[in-house]
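Let me begin by presenting the structure, written as structure tokens, before commenting on it.
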């Protein structure tokens, strides 16, 4: 009977000791897991505080992605700058081409106008010789209508006669071929127009040939 009680006490002590050892093991495992999960790695491989291994991997991945994004952003900025430069160059080229085309057009137009002006001069000379009694003649009237139509079309494209008689001599508009005396006009004023001058869009096509009061 006494042996049975001793055996029971021993069994109870062993059970209690085993339970205590099991609790101690569980605590040690918990501490290990907590240390492993909460460690952060520094530059030499030591775990850093405050981050888990998963968080560290995510941070490294994000850092790499941020670096790539910075590279992409820089490349995009370079491409945008290149496109802007090319657009500016193209716009300058377009403006320069337009100016050159306009200049060529103006040169061509002036050349045609210069060839038409002698025709206008001949009309004026011919009509000026017609006697007054023949001005109602159908042929003369027809020539006069053609002359007026020619002047109208020249005016429509920007050809204007230069004012001369009674105006102060302007070397930019007038070509003085002689000097005359005049009681009507002061010195330096155009007294007579020998050949009419014309401008095309404010540019002189032909200077007026004039006589200036001395």
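Residue numbers (the numbering used here): 113 to 326. Just so you know, even glycine gets a beta-carbon here, dropped at the ideal spot from N, CA and C.
Q. Just the Cα atoms here: how many angstroms apart are residue 282 and residue 246?
A. Your numbering for residue 282 matches position 170 in the chain shown. Your numbering for residue 246 matches position 134 in the chain shown. Spanning the two alpha carbons is a distance of roughly 38 Å.
Q. Considering only C-alpha positions, which residue in the set 322, 273, 238 and 256 is nearest to residue 226?
A. Position 114 of the chain shown, counted from the start, is the residue given in the question as residue 226. Of the candidates 322, 273, 238 and 256, the one whose C-alpha sits nearest the C-alpha of residue 226 is 273.
Q) Which one or two residues does DSSP pair with residue 273 in a beta bridge? A) Here residue 273 refers to the residue found at position 161 of the chain shown. Per DSSP, 310.
Q) So residue 318 is in the beta strand (DSSP E); what residue range does that whole segment cover? A) Counted from its first residue, the chain shown places residue 318 at position 206. 315-318 is the extent of the beta strand (DSSP E) around residue 318.
Q. Three or more C-beta pairs closer than 8 Å, one from the region 295-313 and one from the region 264-279: is that the case here?
A. yes
Q | Other residues of its chain near residue 299: CB distance less than 6 Å, five sequence neighbours each side excluded | A | The residue you call residue 299 lines up with position 187 of the chain shown. Answer for residue 299: 325, listed in chain order.
Q. Where does residue 318 land, buried or exposed, given buried means 16+ other C-beta within 10 angstroms?
A. Walking along the chain shown from the start, residue 318 turns up at place 206. By the 10 Å Cβ count, residue 318 comes out buried.
(Q) residue 228 and residue 259 - do their beta-carbons sit closer together than 8 Å? (A) Within the chain shown, residue 259 is the residue found at index 147, counting from 1. Within the chain shown, residue 228 is the residue found at index 116, counting from 1. Their beta carbons are not under 8 Å apart, which means residue 259 does not touch residue 228 by this criterion.
Q: With a floor of 3 residues, list each beta strand (DSSP E) that falls wholly inside the region 239-286, ordered by position along the chain.
A: 271-273
**Q.** Simplified DSSP assignment, three categories, for residue 291
**A.** For the purposes of this step, residue 291 is identified with residue 179 of the chain shown, where counting begins at 1. Residue 291 falls in the strand class under three-state DSSP.
(Q) Going by DSSP in three states, residue 236 sits in which element: helix, strand or coil? (A) What you label residue 236 is simply residue 124 of the chain shown in a count that begins at 1. Looking at residue 236 - three-state DSSP - the assignment turns out to be helix.
Q.
In the DSSP output, which residue or residues are listed as bridge partners for residue 322?
A. Translated into the one-based positions of the chain shown, residue 322 becomes position 210. 288 and 305, per the DSSP bridge assignment.
Q. Can you tell me the Cα-Cα spacing of residue 202 and residue 291, whole angstroms?
A. As a position in the chain shown, residue 202 is number 90, starting the count at 1. As a position in the chain shown, residue 291 is number 179, starting the count at 1. Distance between the alpha carbons of residue 202 and residue 291 is about 55 Å.
(Q) Cutting at 8 Å between CB atoms, please list the residues of its own chain near residue 280, excluding the five before and the five after it. (A) By 1-based counting over the chain shown, the position of residue 280 is 168. Cβ within range, chain order: 300, 301 and 302.
**Q.** residue 197 to residue 268 span [Cα, whole Å]
**A.** By one-based count along the chain shown, residue 197 stands at place 85. By one-based count along the chain shown, residue 268 stands at place 156. If you take the alpha carbons of residue 197 and residue 268, they lie about 42 Å apart.
Q) Can you tell which of 266, 233 and 261 has its C-alpha closest to the C-alpha of residue 321? A) Translated into positions along the chain shown, residue 321 becomes position 209. When only C-alpha atoms are compared, the closest one is 233.
Q: Consult DSSP for residue 299 and reduce its assignment to one of helix, strand or coil.
A: Mapped onto the chain shown, residue 299 falls at position 187. Looking at residue 299 - three-state DSSP - the assignment turns out to be coil, as it is neither helix nor strand.
Q: Identify, in the order they occur along the chain, each residue of the same chain with its Cβ nearer than 7 Å to the Cβ of residue 288, setting aside the five sequence neighbours on each side.
A: Working through the chain shown from its first residue, we reach residue 288 at position 176. 281, 322 and 324.
Q: Take the Cβ of residue 271 as the centre, count every other Cβ of all protein chains shown within 10 Å, and call the residue buried at 16 or more, exposed below.
A: Residue 271 sits at position 159 when you count from the first residue of the chain shown. The residue in question, residue 271, is buried, as its Cβ has 16 or more Cβ neighbours within 10 Å.
Q: Determine the direct distance from the alpha carbon of residue 184 to that of residue 194, and round the result to whole angstroms.
A: Position 82 of the chain shown, counted from the first residue, corresponds to residue 194. Position 72 of the chain shown, counted from the first residue, corresponds to residue 184. Roughly 15 Å separates the two Cα atoms.
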